[in-house]
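Chemist: My questions all concern the structure below.
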Amino acid sequence: MSYSELVKRIPRPMYTLLSERLLDALLEAKDGGNVPSSLAKTILYYAQRDRLASDAGLINLLRALNMADSPKVITILDELGLEEIKQAMSSIER
Amino acid sequence: MRSFGIEFVPMELFWRTTYYSIQAEKLGYDNIWITDHFNNRNVYVSLGVIANYTDRIKLGTGVTNPYLVHPVMTAQSIASLNEVAPGRVVCGIGAGDRTTLEIVGNEMKAPLRTVREAVEVIRRQLAREKEGYEGRMFRTSPGARFNFKVQKNIPIYIGAQGPKMLRLAGALGDGALINASHEDDIREAVKQIKSGAEKAGKKMDEVDVTAYTSFSVAEKEKSARKPVVPVVAYIVAGSPSIILEKHDIPIEVAEQIRNDLANRKWGEAFGAVNSDMIDTFAVCGTPDQCIEKIEVLFKTGITQFVTGSPLGPGVRSSIDLFGSEVLPHFKEST
Numbered sequence: 001m002s003y004s005e006l007v008k009r010i011p012r013p014m015y016t017l018l019s020e021r022l023l024d025a026l027l028e029a030k031d032g033g034n035v036p037s038s039l040a041k042t043i044l045y046y047a048q049r050d051r052l053a054s055d056a057g058l059i060n061l062l063r064a065l066n067m068a069d070s071p072k073v074i075t076i077l078d079e080l081g082l083e084e085i086k087q088a089m090s091s092i093e094r
Numbered sequence: 095m096r097s098f099g100i101e102f103v104p105m106e107l108f109w110r111t112t113y114y115s116i117q118a119e120k121l122g123y124d125n126i127w128i129t130d131h132f133n134n135r136n137v138y139v140s141l142g143v144i145a146n147y148t149d150r151i152k153l154g155t156g157v158t159n160p161y162l163v164h165p166v167m168t169a170q171s172i173a174s175l176n177e178v179a180p181g182r183v184v185c186g187i188g189a190g191d192r193t194t195l196e197i198v199g200n201e202m203k204a205p206l207r208t209v210r211e212a213v214e215v216i217r218r219q220l221a222r223e224k225e226g227y228e229g230r231m232f233r234t235s236p237g238a239r240f241n242f243k244v245q246k247n248i249p250i251y252i253g254a255q256g257p258k259m260l261r262l263a264g265a266l267g268d269g270a271l272i273n274a275s276h277e278d279d280i281r282e283a284v285k286q287i288k289s290g291a292e293k294a295g296k297k298m299d300e301v302d303v304t305a306y307t308s309f310s311v312a313e314k315e316k317s318a319r320k321p322v323v324p325v326v327a328y329i330v331a332g333s334p335s336i337i338l339e340k341h342d343i344p345i346e347v348a349e350q351i352r353n354d355l356a357n358r359k360w361g362e363a364f365g366a367v368n369s370d371m372i373d374t375f376a377v378c379g380t381p382d383q384c385i386e387k388i389e390v391l392f393k394t395g396i397t398q399f400v401t402g403s404p405l406g407p408g409v410r411s412s413i414d415l416f417g418s419e420v421l422p423h424f425k426e427s428t
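First to last, the protein sequences are chains B and X.
By the working numbering, the letter at position 10 of the first sequence is numbered 10, and the numbering carries on one by one without gaps.
By the working numbering, the letter at position 234 of the second sequence is numbered 328, and the numbering carries on one by one without gaps.
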């Protein structure tokens, strides 16, 4: 499964909350240096345009946090009750 | 005029500092100041990236120094940055930190003269003056002119703590960056800046008088005070005896903190920081407490308040809290 397909399964009303939680975790992640510069710049592009809570914003946030702190992605999805997404994360194509 | 700046130390990955800058701009801050220390990420690279992801906010060095970077290079860097963010660039310059300079074998010789000459060289370079400059610390030949034109004026702020440097900042700077957090220290600094400005035939409204504070905000007072402890330990350790005596801080306590920091005994050093030291060297508390303290500081005559490190227990949440609960109080009242 791709990140794009994964994000399509996330209920729209959860977008804002999920993007906030992913961003918070990304800013605090110990292995933030694992995030490639190009991906980080894409996230900044969406942040500048207030579009992190969009399909593209979430795709990039999920991808980045999965590189910086993958267990945290699972924790966040779990805490937000996104069980199906959590299960689907294991089949994500890195 | 009341404006607000935020300081970032580029210790973190570039995209984190840049994200916080985007956040600060959206919340209504007016200035971003990036520190310049050789052991952190480069100030101009940081500012260049921030310039690309912001549209309105002013950007500047807070502060660079003329001992590690020759003023022609400072002029070149800010002029280049000004092409990326026209009209948004400011240059903060000061004598630097003696301890940091000594690490790389640089002596802080004649700081007043060095800063004054550096500012003169920077201004001449930005204006593409044909004549060279003959100072005691710096010298340029007529051929040192830029090969490109500089768009718009670039204000120069002088970072200062002692009375002579503060007077120089008033006389020579478009702005003065006061390195202090306590009301009494800032009031005294404003007096010195005014004296310098008046002697130079300038009006005070020609100088953006900026308090560059150690700052922390959180919903709970205790949470706001905790993060400033390490910062205050370093400030106490680096403060001249005249400042320590003024605030009834025993010199031997400051020396002990200095030794503990040098020996990396963080627990001892930070444990020696008491509540009075925090109130002297930091502006911190709940949003309401911060509003009260900042109001008092504006009454001393400052025109810009800078929230410096550590900002709070969490950078993003503290910027949000400041932007949503403190800034509106001042922005709506002006």
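Positions of the beta carbon are idealized from the N, C-alpha and C atoms, including for glycine.
All values derive from a computational prediction rather than experimental measurement.
#1: Just how far apart, CA to CA, sit I151 of chain X and K224 of chain X?
#2: Would you kindly work out how many angstroms separate the C-alpha atoms of Y430 of chain X and E214 of chain X, rounded to a whole number?
#3: Identify which residue in X:N357, X:V157, X:R96, X:T380 has its Cα closest to the Cα of V103 of chain X.
#4: Any chance the segment 404-422 of chain X sits against the segment 341-353 of chain X, with 3 or more Cβ pairs inside 8 Å?
#5: Ignoring anything shorter than 4 residues or poking outside the segment 391-416 of chain X, list the alpha helix (DSSP H) runs there in chain order.
#6: Any beta carbon from chain X within less than 9 Å of A56 of chain B's own beta carbon?
#7: Should V184 of chain X and G269 of chain X be called a contact, given that it needs their Cβ atoms to be closer than 9 Å?
#8: Given that D24 of chain B touches chain X, what residues does it touch there, using C-beta distances under 9 Å?
#9: Taking the alpha carbon of A204 of chain X as the point to measure from, which residue in X:I248, X:N159, X:T148 has its own alpha carbon closest?
#10: Is it the case that the segment 275-285 of chain X contacts the segment 224-233 of chain X, given that we only count it when at least three CB pairs across the two stretches are under 8 Å?
#11: For F392 of chain X and L405 of chain X, I'd like the C-alpha separation in whole angstroms.
#12: Sort out for me which residues DSSP pairs E228 of chain X with in a bridge.
#13: How many angstroms separate the CA atom of D149 of chain X from the CA atom of A366 of chain X?
#14: Three or more C-beta pairs closer than 8 Å, one from the segment 83-94 of chain B and one from the segment 123-130 of chain X: is that the case here?
#15: If we cut at 9 Å on Cβ distances, does S37 of chain B have a partner in chain X?
#16: Would you mind giving the Cβ-Cβ distance between M202 of chain X and Y161 of chain X, rounded to the nearest angstrom? I have them listed as a contact below 8 Å.
#17: What does the alpha-carbon distance come out to for the pair I100 of chain X and G402 of chain X?
#18: In chain order, what residues of the segment 104-125 of chain X put their CB closer than 7 Å to some CB of chain B?
#19: Taking all protein chains shown into account, do 16 or more other C-beta atoms lie within 10 angstroms of the C-beta of M67 of chain B, making it buried, or fewer, making it exposed?
Modeler: With the given structure in hand:
#1: 33 Å
#2: For chain X, the structure presents residues 95 to 428; residue 430 of chain X sits outside this window and is missing.
#3: X:V157
#4: no
#5: 409-415
#6: no
#7: yes
#8: G408, R410, S411
#9: X:N159
#10: no
#11: 19 Å
#12: X:R233
#13: 43 Å
#14: no
#15: yes
#16: 6 Å
#17: 6 Å
#18: L107, W109, R110, T112, Y113, I116
#19: buried
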